[in-house]
Every structure is written in structure tokens, then in C-alpha cells.
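A.B. asks: Submitted below is the structure of interest, expressed as C-alpha cells.
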Amino acid sequence: MPRTPLPFFFDCGNYGIKSRSSNGSITTEDHFVHAFAQLDDGEFKRVTAQASKPDEEYFTVNGTHYAIGNKGKRHGAFERRYGAKRYNKDYYGVFLAIAMTRSFQRSTDVYLVGSHAPGDVDYTNDLLDAAMGDWVVGWQGSNYKFSVKDGFTYHEPLGGWANTAFRADGKAYARRDMNDGVTLVLDIGGYTTDGLVIDPGGSIDYSTANSVKVGVLNAVRDFEKNFRTQNAALLKTVGTLNESMINEAIRTGIFDLRGLGKIDCAALAQETRQSLVNDVYGFYESYGGATEYNNILLTGGGSELLYTELLAAIQHTTILVADPKQEMGKLFLSNVRGGEKWYLLQKAIGSITA
Amino acid sequence: MNEPYSSPASVPPPGKGEGGKPSRAKSQVISARLHPAFPTEKSALDIFNSLLAAKYTPRAIITDALNRAAGLTPEMFADQERVNSLAYKLEQQLEDIGDLSNKIDDGIGSINTRIETMREELLTALTDRIGDILRSIKTSDPVAFKEFAVSDDEGLEFSAEFIANAKKAFKGSYRK
């Protein structure tokens, strides 16, 4: 008797890999840094031979060894792929296999619900091609097999909208005003900022789905360059600055350089945030401005980072944020949560039979 | 002669510190005047018995009537004037009991009306206050307002138009 595939909600974001899954009655949400390094057999043996059980950052996917996150970065420079270039089995597929392993922790058939930036809409079949098939993963001394049987993709801003507008079971509204008014969703991510307009009655205007290359990672790079210039003597012997630490510095105005102390960088942080806001605001203006929309919905990690500045810039009476306030700065799971609600809705109305 | 005043089995014992049993006449009066707020005879009697336990209640009148009834002898009936006098006094005492019962009944009704009024006032005040708080949160912090609004306690049905739009917006599964 064929097993019923378990749905897996996956966002291979440029800044972080996010997922949500239901393993029977247990719902798991996960987030890890978008980085991995491929290890040869010798390197992997050195890791596994020294410990009774390898650390949880080490995986073997279809026979190839990987280290993820900051441990992955220690094994050499990680070359991040952007946009549709990610949609290959040796990149998107590897991240997916690792995310499924961390979430399910048991072998299973999978129905993938994967998000993508609107700018990648022409490559959604590539995304699904990269995901489909069998994935055999070794992790912490156990082996798992995942068979991705089927799935669909959705625009990331749509996920943010569904998470805000729908009830958890995807079968009713949580907010009436999202049905009655016109909503502009702005998803400020790591590499792109995406927009999507939802008309009254939940009518999604896909013609408005658009992406521009404005994201937190650009701000991180700009900040790092300027911070190095301002602190050249201090950082003379420092090779790489940790991306997460830079992000925190941009957020707080204090750069915790650990062994080199804490540096006040409030002015530079403010300047960096404002520069990014100006770019986002330009994108927002291209959608026609405040009088066109009843609601402005912000989603993605950048929306939290820039929230105060965006409120001042956009000047709209109803600016909403798709991620819960208590989780802001940590997870940004609204897109995958909304993906689940969108999946549940489509299942309830008979569009999905799996 | 005591038999007519024995307590029915369903009547609970009187309040603490009081001797004797409530009369059948009293239980009948209460049974006939059950207030809507107290749907069973037992609950009404419980309340009445607790009132009897208080210092100034019909309990003294009933006890007096019981004592007088217990003191009646066949010889007394020969003295028509004395019998009439006793009957008159008993009748007066029963009327007093009836009046007190009516007053208690009216009092319970009045209290109930007051409770309803207070409940309405409280609900109105709470609704207004919550509305004020929500408006102030929405004005000062849309994020917090959003978190409240996304509560799973709410559930507004999707319209047929919405469902039609949702179907239209779904391309289908990979292996459709």
C-alpha cells in the first residue's frame, strides 16, 4: 500500500533556509544559515573518526559529504548561488535533503511546497525538477530516505499574505479587512525585494509579481566595506567578518567583534538601513503609492530590520508585518507558514488530492 | 395533632441552629412561587431555609403556630369563642407568612433584575475599553495589532468569490 506523502514547506532563502513540516502530530519549524561546504572522504573521516557521533552540522547526501552553516564556512569559501541558478540537485536539492532530515528525522515520502521569488517564476519547473526523486541522507549515525513524489511552488509574497490573512487551518479568514481591501505585499529578502498585489476577494494579480535586486545581503556587503574603511587598523589582520554578526550590527548599531571588543557603529548602521530603505521605497513607489492600497503588508527578514525607517518612509495608515513580533530578528517563517495555509486551502477546495 | 405539620420527605432540614421542621404549608407556598432564576423547588427551598435561619424570619411565627396547634385539646372546641380567637390568630399568622414570602419573592426578582442590569453595564464598559485599546494599539503599533488579529479564535468564512479566485490562482501539482 503506497504511503501518503507528508507535506514539507520549504523556503531556500538567500539569507536563511526555512522549513515547516508535520511529522504525524508534531509540527517542526526549522531555520539554518544558507551555506554548505562539500567535504571529501578524508575530511569527513577526520570529523567522524574523532567523535562517537558526528556533529549535527555534518550530512552525507546521496553519497556526498557536506557541512552546513558556520561549520561549512570553516571548510572553505562558500559560493552562494542566487535566483534560478540555485535550482539544481547539487544545490537546491542538497539544501532540501538536509532540511527534510533535520525536520522529519525519519524516512518518508514527501509532497513539496516550495516558495520562490516572483522573479524566478519562469524557473519553477527547474525548482521542482531539482527536488523530485529519492534522497538518501546520513546524519548523526543514522540513514534516512526521502522520496519527493510531487509538489507545487508559490510566490514568496503570497506566503506572507496567506500567513497574515488566513486562519491556521487555511479554511477561513483571520482578517476581514484583507478580503475587503487591496493589499500590496512587499517581501524584503536577502537578495531581492518582491512585490505582489492582492485585490478584494482574494484575487491575486500575478501581473504585479515583481522582484528587484534589493536585499539585506547588499546592505551587509556595503556595511562591511564601509566598516572596514572606518576601522582599517583594527581589522588589518581580520579576514572574514561573520554575516550574522554584521546583520546584528546593522540592527543594533553595536558591532560585537568578540576578541576585538564591541565597536559603536550606530551612525554607519543608520546610514546602511536608510540606504536600503531608499531602495525599497523606490520599489514601493513603482506600485503607485499609498492611495492605491488599503493595506501594505511587509514580510521577509528585511521588513523587521527596516521596520522603523519603513514606517516613516511609506506613510500609510495600515502597515502590517507578516512575522509575529516576538519572533522578529530570529526566524522569519511567515512565508513557509503561509505556504502551509495556502496548501491547506487548496487541499480543502479540491485542487490537491495528495 | 402534629401530623399535618410534619415535613415532606423532599424538604431539606432547616438552617443551622434552628429546631423543628418547616411546615408543609410553607413548602407549598414556595413551590407555587418558584422564581425563574431558581428552576428547581429544591434550590428555592434551600434559599428559603437559609432565610429562616436568620434572626428575623417567619420561623418564629411558624414555631408559634406549631406550638399553639400542639396545645389544642378537644375541650377547647367547646369554647367557641376561644376556638374562633385561635383560628383568627392562626389565619393572621399564615397571612403574615404569605406576605413575607411575597416580599422575599419580590426581593429575589429585584436582585435578579439588578444583576442583569449590572451585567449589561459591565459588558458595555468592557467592550468599549477593548475597542479603545485596539484602536490605540493599531495607531501606535500595527505589528501588535496584526498579532491580535491573526488569532486563531477568529474565523470568517471565505466567500464563493474568494474560493473561485483561489482555485484560479493555483497552477496545479508537478505531477498533475
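Line by line, the protein sequences are chains A and B. Note that the working numbering has the first sequence beginning at 1, numbered continuously upward. Note that the working numbering has the second sequence beginning at 1001, numbered continuously upward. Even for Gly, the Cβ is constructed at its ideal location relative to N, Cα and C.
(1) Just to check my reading of the structure: Y355 of chain A and L217 of chain A have Cβ atoms closer than 8 Å, yes? What is that Cβ distance to the nearest angstrom?
(2) Residues of chain A with CB closer than 7 Å to the CB of I1163 of chain B, please, in chain order.
(3) How would you label Y206 of chain A, buried or exposed, when you count the other beta carbons within 10 angstroms and need 16 or more for buried?
(4) Report the neighbours of S147 of chain A on chain B: residues whose CB is nearer than 8 Å to its CB, in chain order.
(5) Counting Cβ pairs closer than 8 Å, one from the region 102-119 of chain A and one from the region 134-150 of chain A, do we hit at least three?
(6) By Cβ distance, which residues of its chain are closer than 7 Å to T124 of chain A, with the 5 residues on each side in sequence left out?
(7) Under 9 Å between beta-carbons, which chain A residues line up against K1167 of chain B? List them in chain order, please.
(8) Suppose contacts are defined by Cβ-Cβ distances below 8 Å. Is L306 of chain A in contact with L345 of chain A by that definition?
(9) Going along chain B in order, which residues have a C-beta closer than 8 Å to the C-beta of I204 of chain A?
(10) Ordered along the chain, which non-local residues of its own chain (more than five positions away) have a Cβ less than 6 Å from that of T334 of chain A?
(11) Taking a cut of 9 Å between CB atoms, which residues from the region 127-138 of chain A lie near chain B?
(12) What does DSSP give as the partner residues of L260 of chain A in its beta bridges?
(13) Report the rounded CA-to-CA distance for D40 of chain A versus K73 of chain A, giving the unit in angstroms.
(14) State the start and end residues of the unbroken alpha helix (DSSP H) segment that holds G338 of chain A.
(15) Using a cut-off of 8 Å between C-beta atoms, extract the partners of R1175 of chain B located in chain A.
(16) Tell me, to the nearest whole angstrom, how far the beta carbon of G302 of chain A is from that of I188 of chain A; I am working on the premise that it is less than 8 Å.
(17) So which residues on chain B does G201 of chain A lean against when the C-beta distance must stay under 8 Å?
(18) Pop quiz: Y15 of chain A and G190 of chain A are said to be a contact at Cβ under 8 Å. What is the actual Cβ separation, rounded to whole angstroms?
(19) What residue range does the alpha helix (DSSP H) around Y58 of chain A cover?
(20) Please list, in chain order, the residues of the region 82-93 of chain A that have any C-beta partner in chain B closer than 7 Å.
(21) In chain A, which residues lie less than 9 Å from G1172 of chain B when you measure between Cβ atoms?
(22) Taking N179 of chain A as the query, report the chain B residues whose CB atoms sit under 7 Å from its CB, ordered along the chain.
(23) Among all the DSSP beta bridges, which residues are the ones paired with N70 of chain A?
(24) Give a yes or no on contact between the region 263-271 of chain A and the region 239-253 of chain A, applying the rule of three or more CB pairs nearer than 8 Å.
(25) CA-CA distance, Y284 of chain A and G119 of chain A?
(26) Cβ atoms of F8 of chain A and V113 of chain A: under 8 Å apart, would you say?
C.D. replies: Let me spell this out:
(1) No answer is possible for residue 355 of chain A: it lies beyond the span of chain A, which begins at 1 and ends at 354.
(2) I349
(3) exposed
(4) Chain B residues near S147 of chain A: none, gap ~13 Å exceeds 8 Å.
(5) yes
(6) Cβ contact annotation for T124 of chain A (same chain, cutoff 7 Å, sequence separation greater than five): H116, T153, in chain order.
(7) Q346, I349, G350, S351
(8) no
(9) N1165, A1169
(10) A small correction: the amino acid at residue 334 of chain A is Ser; Thr does not occupy that position in the sequence shown. So the list reads G160, N163, T299, A322, D323, once near-sequence residues are dropped.
(11) Listed in sequence order: L128, D129, A131, M132.
(12) The partner list for L260 of chain A (beta bridge, DSSP) is empty, contrary to what the question assumes.
(13) Note on geometry: alpha-carbon atoms of D40 of chain A and K73 of chain A lie some 15 Å from one another.
(14) 334-348
(15) Taking a Cβ-Cβ threshold of 8 Å, the residues of chain A close to R1175 of chain B are K149, D150, in chain order.
(16) 3 Å
(17) Chain B residues near G201 of chain A: S1159, E1161, F1162, N1165.
(18) 3 Å
(19) Segment 58-61 is the beta strand (DSSP E) holding Y58 of chain A; no alpha helix (DSSP H) there.
(20) none
(21) F152, S351, I352
(22) F1162
(23) Paired residue(s): none; N70 of chain A is not in a bridge.
(24) yes
(25) So the two alpha carbons sit approximately 16 Å from each other.
(26) yes
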